[in-house]
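Novice: Sequence order for the protein chains is Y and F.
Taking our numbering, the leading residue of the first sequence gets 1, the next gets one more, and so forth.
Taking our numbering, the leading residue of the second sequence gets 1, the next gets one more, and so forth.
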Amino acid sequence: MLKVMTTNRFLRVTVLCFVVTTLSACVTARIEEARHTATGISKGEAVVILTQRQNVDYQTEDGFLQCLGDELKGGINLRGEREFMDQLFPWFEPSHAPTHADALRVLLARPGVPERITETGVRYLVWVDGTTQTVDGGGNLSCTVGAGGAGCFGFQWWENDSSYEAAIWDLKSVEHVGTISADAVGTSYLPAVIVPIPIIARTKNAACGGLAKQLREFLVADPLD
Amino acid sequence: MTWRGKSRARQGDAKNRHNYPMIRILAVKLVAFCAVVSSGCGTTVPAMNMEFPTPLIENLPISIGVYYDDDLRNFTYNETVSDGSSWTIELGQNNTRLFDRLFGAMFSRTTRVDDIENGPDDIQAIIQPILEEYAFLTPNELGSRFYAVSIRYRLILYDTAGTELADWPINAYGQSRSGIFNAGRGKTGPLQNATDLAMRDAAAGAIVSLPTQPEILALINGEQINAESNDNQ
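In structure tokens, the structure reads:
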């Protein structure tokens with residue numbers, strides 16, 4: 001009898017966990033690409049993803065960069081941001097990094113810089129900028145904890161907007177070769193009757209996946225072929 | 001419904017009834033512990049061994065003496081911020097590590113000097129870095145999820161007899177995202193990281209600005225620097 005009850009409880013917990021972790025709200029994602037010239041990447045050439053750190057108000061989340069790196073790993077040779085910045089110190093520090101192609105040309109004219117870039121094997125710089133923001137929300141949820149247990153009651157919702165942009169620079173042609181933008185919007189819900197059940201709109205994941213897929217196609221495929 | 005049922009079962013269980021006061025005592029102790037931990041205790045940001053990369057620059061053909069005073073070598077910053085938490089940041093070792101790396105790459109030869117008024121004969125001038133100002137903002141103060149650090153160094157150029165020839169301010173900034181659960185106080189990692197970034201920014205600023213200074217150009221050309229002509233610095 002005890003064994004049956006334990007099994008039932010285990011099943012209920014498992015089903016609840018499964019439902020909670022798999023429930024996700026709808027996300028609308030839009031990916032746009034602007035290509036200025038043909039691209040392509042050879043074996044041995046690498047890509048480095050750098051973040052725009054000039055903004056004081058926000059910075060692209062480390063988690064987003066990690067996600068982008070993980071998505072791009074297979075087939076694309078990636079270099080670490082900090083490793084690249086250290087090797088070219090101080091020319092990619094936030095206050096001195098080139099912000100346009102002309103500044104990149106000036107930087108590449110500095111003694112030692114082209115040679116060091118060749119050593120790193122980096123062909124493309126991908127400047128990532130953007131963040132995820134909660135743009136709207138509402139509802140009310142209250143939770144209480146007592147000696148007998150804890151519980152929540154209410155309903156909350158919020159809308160997230162994940163907006164990111166990747167500007168791709170080719171160090172071989174010293175040109176800004178294109179820009180890819182990803183914008184994902186979704187509303188998350190949190191109804192609670194004793195147990196809160198989050199129904200999350202994973203906008204950041206959607207933006208990351210879309211941006212990585214488009215970026216991979218942009219770097220690897222040559223549209224002129 | 002399930003909630004009340006579980007509660008009843010617990011009350012009806014003799015063993016649990018016996019443990020109930022103990023659970024309450026534990027809960028009270030836990031709350032008391034949390035209150036003590038989050039009650040604005042002092043936080044010391046220890047002297048982290050920051051490693052600064054070797055700058056990718058061509059060195060300037062100058063022999064320079066480098067003088068670090070005790071204030072720079074033992075620099076410690078104390079502040080009680082608006083939320084009541086007090087912070088102590090130790091920067092001394094990292095200051096000397098930063099400037100050793102910076103000047104070692106910038107100048108063809110550097111020598112540590114202990115007396116600013118009696119520099120050795122084989123150097124052309126002496127540089128003394130001073131940390132004039134260190135300031136930081138916590139996420140609570142900034143209203144964001146970042147720790148922000150600003151540092152102002154001043155580099156003072158002397159001749160080998162200790163006469164001041166020029167000085168240059170170096171303003172630098174660094175910011176680092178805090179974790180979800182450490183936006184308030186007591187977490188040193190993001191502040192260390194922001195300080196590291198600010199010091200790197202200071203080095204970058206010195207690398208970009210120093211080679212264009214007239215006094216440095218004069219030293220490169222082996223010219224005499226007139227202290228009176230630099231009063232406007």
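In this text, a Cβ means the ideal position worked out from N, Cα and C, and glycines have one as well.
#1: Does DSSP put F:R200 in a helix, a strand or coil?
#2: Count Cβ pairs between the stretch 171 to 187 of chain Y and the stretch 28 to 38 of chain Y that sit closer than 8 Å; are there 3 or more?
#3: Can you grab the Cα-Cα spacing for the pair Y:E159 / Y:V128, in whole Å?
#4: Report yes if the C-beta distance between Y:Q156 and Y:R116 is below 7 Å; otherwise report no.
#5: Answer with buried or exposed for Y:P90, where buried requires no fewer than 16 other C-beta atoms within 10 angstroms of its C-beta.
#6: Run down chain Y in chain order and give the residues with a C-beta less than 9 Å from the C-beta of F:D201.
#7: Are the stretch 148 to 163 of chain F and the stretch 192 to 204 of chain F touching by the rule of at least three beta carbon pairs closer than 8 Å?
#8: Anything in the stretch 97 to 112 of chain Y with a Cβ closer than 9 Å to a Cβ of chain F? List those residues in chain order, please.
#9: If you reduce the DSSP assignment to three classes, tell me which class F:P139 lands in.
#10: Please name the residue, chosen from Y:V185, Y:F92 and Y:Y58, that lies closest to Y:A31 on a Cα-to-Cα basis.
#11: State the start and end residues of the unbroken alpha helix (DSSP H) segment that holds F:D83.
#12: Taking only three categories from DSSP, how would you classify F:R8?
#13: Closer than 9 Å, Cβ to Cβ, to anything on chain F: give me those residues from the stretch 27 to 60 of chain Y, in chain order.
#14: Answer yes if the stretch 105 to 122 of chain Y comes into contact with the stretch 137 to 153 of chain Y, meaning at least three C-beta pairs across the two stretches below 8 Å, and no otherwise.
#15: Applying a beta-carbon distance threshold of less than 8 Å, which residues of chain F neighbour Y:R116?
#16: Which residues does DSSP pair with Y:Y189 in a beta bridge?
#17: Along chain F, which residues have their Cβ under 8 Å away from the Cβ of Y:D86?
#18: Is it true that the stretch 95 to 109 of chain Y meets the stretch 130 to 140 of chain Y, where meeting means three or more beta-carbon pairs spaced less than 8 Å apart?
#19: Can you have a look at F:M22 and say buried or exposed, based on whether 16 or more other CB atoms are within 10 angstroms of its CB?
#20: Roughly how many angstroms lie between the CA atoms of Y:E45 and Y:Y164, to the nearest whole one?
#21: Rounded to whole angstroms, what is the Cα-Cα separation between F:F103 and Y:G137?
#22: Go ahead and pull the three-state DSSP assignment for F:I123.
#23: In whole angstroms, give me the CA-to-CA distance for F:P169 and F:E132.
#24: Under 8 Å by Cβ, that's how I've got F:I239 and F:M106 pegged, so tell me the actual separation to the nearest angstrom.
#25: So, for F:D83: in the same chain, excluding its five sequence neighbours on each side, which residues have a beta-carbon less than 6 Å away from its beta-carbon?
#26: Using the three-state DSSP reduction, which class does Y:I41 fall into: helix, strand or coil?
#27: For F:I207, return the contacting residues in chain Y, with the cut-off set at a CB-CB distance below 7 Å.
#28: Does DSSP put Y:I49 in a helix, in a strand, or in coil?
#29: Under 6 Å Cβ to Cβ from F:N273, same chain only, skipping five residues before and after it: list those, please.
#30: I need the straight-line Cα distance from Y:S95 to F:N171, nearest angstrom please.
#31: Determine the chain Y residues that contact F:A194 at a beta-carbon separation under 8 Å, and present them in chain order.
#32: Ignore the nearest five residues each way along the sequence and tell me which others in F:E223's own chain have a CB closer than 7 Å to its CB.
Specialist: Straight from the coordinates:
#1: Position 200 of the second sequence, counted from the first residue, corresponds to residue 200 of chain F. Helix, per DSSP.
#2: Counting Cβ pairs under 8 Å, three or more are found: they touch.
#3: Here residue 159 of chain Y refers to the residue found at position 159 when the first sequence is read from its first residue. Here residue 128 of chain Y refers to the residue found at position 128 when the first sequence is read from its first residue. So the two alpha carbons sit approximately 23 Å from each other.
#4: Your numbering for residue 156 of chain Y matches position 156 in the first sequence. Your numbering for residue 116 of chain Y matches position 116 in the first sequence. Contact flag unset, no.
#5: As a position in the first sequence, residue 90 of chain Y is number 90, starting the count at 1. Counting of Cβ neighbours within 10 angstroms places Y:P90 among the buried residues, the total reaching 16 or more.
#6: Here residue 201 of chain F refers to the residue found at position 201 of the second sequence. Near F:D201 (Cβ distances below 9 Å), the residues of chain Y are P90, E93, P94, S95 and H96.
#7: Output reads yes: the stretch 192 to 204 of chain F touches the stretch 148 to 163 of chain F.
#8: Within the stretch 97 to 112 of chain Y, the qualifying residues are R110, P111 and G112.
#9: Residue numbering aside, residue 139 of chain F sits at position 139 when the second sequence is read from its first letter. Note: F:P139 maps to helix in three-state DSSP.
#10: The sequence position of residue 31 of chain Y within the first sequence is 31, counting from 1. Going by the sequence as given, residue 31 of chain Y is Ile instead of Ala. Closest by C-alpha distance to Y:I31, out of Y:V185, Y:F92 and Y:Y58, is Y:V185.
#11: The residue you call residue 83 of chain F lines up with position 83 of the second sequence. Where F:D83 is concerned, there is no enclosing alpha helix (DSSP H), given that its DSSP letter is neither H nor E.
#12: The count along the second sequence starts at 1 and reaches residue 8 of chain F at position 8. Because F:R8 carries a pLDDT of 30, less than 50, the predicted location of this residue cannot be relied on, and the following value inherits that uncertainty. Helix, per DSSP.
#13: R53, V56, D57, Y58 and Q59: these are the residues of the stretch 27 to 60 of chain Y whose beta carbon lies less than 9 Å from some beta carbon of chain F, given in chain order.
#14: These segments do not touch.
#15: As a position in the first sequence, residue 116 of chain Y is number 116, starting the count at 1. Within chain F, the residues near Y:R116 are L56.
#16: Numbered from 1 along the first sequence, position 189 holds the residue referred to as residue 189 of chain Y. The secondary-structure analysis by DSSP pairs Y:Y189 across a beta bridge with Y:W157 and Y:I199.
#17: Position 86 of the first sequence holds residue 86 of chain Y. Result: P53.
#18: These segments do not touch.
#19: The residue you call residue 22 of chain F lines up with position 22 of the second sequence. For F:M22, the predicted model reports a pLDDT of 41, less than 50, meaning its position is unreliable; a value from the coordinates is still stated below. Per the 10 Å Cβ criterion, exposed.
#20: For the purposes of this step, residue 45 of chain Y is taken as the residue at position 45 of the first sequence. For the purposes of this step, residue 164 of chain Y is taken as the residue at position 164 of the first sequence. In this model, Y:E45 and Y:Y164 are separated by some 25 Å (Cα to Cα).
#21: Working through the second sequence from its first residue, we reach residue 103 of chain F at position 103. Working through the first sequence from its first residue, we reach residue 137 of chain Y at position 137. F:F103 and Y:G137 have their C-alpha atoms roughly 53 Å apart.
#22: Taking the first residue of the second sequence as position 1, residue 123 of chain F is located at position 123. Under the three-state reduction of DSSP output, F:I123 falls in the coil class, being neither helix nor strand.
#23: Position 169 of the second sequence, counted from the first residue, corresponds to residue 169 of chain F. Position 132 of the second sequence, counted from the first residue, corresponds to residue 132 of chain F. Cα to Cα, F:P169 sits roughly 9 Å from F:E132.
#24: For chain F, the structure presents residues 1 to 233; residue 239 of chain F sits outside this window and is missing.
#25: Working through the second sequence from its first residue, we reach residue 83 of chain F at position 83. For F:D83, where only same-chain residues beyond five positions count, the Cβ hits under 6 Å are N140.
#26: By 1-based counting over the first sequence, the position of residue 41 of chain Y is 41. Residue state, collapsed to three classes: coil.
#27: The count along the second sequence starts at 1 and reaches residue 207 of chain F at position 207. What F:I207 touches in chain Y: P90.
#28: Position 49 of the first sequence, counting from 1, holds the residue named residue 49 of chain Y. The DSSP-derived three-state label of Y:I49 is strand.
#29: Chain F is shown only over 1 to 233; residue 273 of chain F falls outside these bounds and no answer can be derived.
#30: To locate residue 95 of chain Y, count along the first sequence from 1; it is residue 95. To locate residue 171 of chain F, count along the second sequence from 1; it is residue 171. If you draw a straight line from the Cα of Y:S95 to the Cα of F:N171, it comes to about 11 Å.
#31: Start at 1 with the first residue of the second sequence, and residue 194 of chain F comes out as number 194. Those do not exist, as F:A194 stays about 11 Å from chain Y at its closest Cβ, beyond 8 Å.
#32: Position 223 of the second sequence, counting from 1, holds the residue named residue 223 of chain F. Non-local C-beta neighbours of F:E223 in its own chain, meaning closer than 7 Å and more than five positions away in sequence, are absent.
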